[in-house]
Amino acid sequence: MILEQAMVLWNLEIKSKSYKLALSCDAVYRHARPGQFVTLHLADRCNVLLRRPFSIHRVFEVKPDQWAIEILYKVVGPFTRALTLISEGQPVSLMGPLGNGFHVPPEATTVYLAAGGVGVAPMRFFMEDWLARGREAMDVVLFLGGRTREDILCEADFRKMDVEVVVTTDDGSYGDQCLLTTPLEARVQRTPPDIMLACGPKGMLACVAGIASRYSISCQVSLETMMACGMGVCLGCALPDASTPTKMLHACMDGPVVDAGRVVW
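In the UniProt record's numbering, the protein residues as written are 1 to 265.
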């Protein structure tokens with residue numbers, strides 16, 4: 001983990017209130033794992049005191065030995081509104097990489113990804129890492145859901161990587177009108193995967209975890225919760241640990257990616 005002043009490379013609105021922010025970063029990020037996160041702080045440009053966590057969306061080399069990360073964010077409050085106002089060349093306080101990421105056993109050959117809204121952020125990083133390891137895109141299916149078509153993010157990025165994408169929206173404005181867990185469970189019944197990875201709202205994660213439990217499938221979830229420090233000190237992200245009733249699960253240190261069976265839904 002390193003704390004640094006990162007420079008903004010771009011800050012692009014990709015859909016209404018959804019942005020991709022690229023930041024220069026230390027070379028340590030070349031060892032980051034999909035599912036890990038960073039925290040940002042805007043100092044005097046925003047009156048939000050605490051740092052804010054964001055999943056790593058991509059890690060890439062700008063030029064030899066010059067690295068950058070990209071994060072995906074949606075405007076939901078004062079911090080992300082302030083984030084939209086920063087531009088190329090401006091500094092941002094960046095801390096990371098933090099937490100534990102996804103771990104797919106080498107023997108796994110079929111992976112289902114479930115992403116709700118901005119929860120697609122770590123899945124792009126996962127997919128690029130999967131392909132870089134010589135695995136096949138056809139072995140991965142992405143179930144991508146949102147309330148409306150404006151919440152469906154990065155679909156084209158996955159299709160360019162030849163990933164099968166199943167899209168659902170709550171209002172039927174794009175894809176099938178249903179929860180993403182409906183086609184997910186139907187596919188699981190037909191062709192069970194070796195593992196499922198999920199990121200999104202807690203209700204969605206609970207449903208995915210339920211499917212995994214019913215069909216005895218390994219499942220890892222990336223928890224979306226407030227993380228004030230990102231290092232397990234403030235205890236603000238403490239959750240009950242289902243595997244050890246007397247112990248608390250700290251999303252920033254034990255997670256954000258944990259086995260779905262450890263979460264008390």
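We treat Cβ as the ideally placed atom computed from N, Cα and C, and that holds for glycine.
Since the model is a prediction, treat every value here as computed from it, not as a measurement.
Paired residues, beta bridge with residue i - DSSP
i	result
Thr39	Pro53 and Met95
Leu249	Leu239
Pro256	Asn100
Cys46	None; Cys46 has no bridge partner.
Met7	Pro91
Lys63	Gln66
residue 271	The shown model of the chain, from 1 to 265, leaves out residue 271, and the question about it has no answer.
Arg58	Glu70
Val263	Asp241
Ile2	Gly96
Residue i versus the options, residue with shortest Cα-Cα distance
i	options	result
Met95	Ala228, Ser243, Val263 and Cys237	Ala228
Phe125	His57, Lys247 and Glu4	His57
Ile217	Pro193, Cys237, Glu150 and Leu12	Pro193
Asn11	Ala238, Ser24, Pro64 and Ala32	Ser24
Leu72	Asp65, Glu185 and Phe54	Phe54
Gly119	Lys74, Ala82 and Leu239	Lys74
Ala27	Ala186, Gln66 and Cys252	Gln66
Leu223	Cys207, Val258, Gly230 and Tyr215	Val258
Arg133	Leu144, Glu150, Glu107 and Met253	Glu107
Interface flag, residue i vs chain B, CB-CB below 8 Å
i	result
Pro97	Any reference to chain B falls outside this structure, which holds one protein chain only.
Buried or exposed (CB count within 10 angstroms, at least 16 for buried), residue i
i	result
Phe60	exposed
Met204	buried
His250	buried
Thr39	buried
Pro122	buried
Pro105	exposed
residue 266	Look at the range of the chain in this structure, 1 to 265, and you will see that residue 266 is not part of it.
The segment 87 to 107 contacting the segment 150 to 162, beta-carbon criterion three pairs below 8 Å: The segment 87 to 107 makes no contact with the segment 150 to 162, as fewer than three CB pairs between them are under 8 Å.
Any alpha helix (DSSP H) of 4 or more consecutive residues that is wholly inside the segment 176 to 238: DSSP runs (the alpha helix (DSSP H)) wholly in the segment 176 to 238: 181 to 190 and 202 to 214.
4-residue-minimum alpha helix (DSSP H) runs that sit fully inside the segment 135 to 172, ordered along the chain: Within the segment 135 to 172, the complete alpha helix (DSSP H) runs of at least 4 residues are 155 to 160.
Three CB pairs or more closer than 8 Å across the segment 239 to 256 and the segment 103 to 116: When C-beta atoms of the segment 239 to 256 are compared with those of the segment 103 to 116, fewer than three pairs fall below 8 Å, so the two segments do not count as touching.
Stretch pair the segment 169 to 184 + the segment 67 to 82: three plus CB contacts closer than 8 Å: No, the segment 169 to 184 is not in contact with the segment 67 to 82.
Segment contact flag, the segment 41 to 52 with the segment 121 to 141, C-beta cutoff 8 Å, min 3 pairs: Because the criterion of three Cβ pairs below 8 Å is not met, the segment 41 to 52 and the segment 121 to 141 do not touch.
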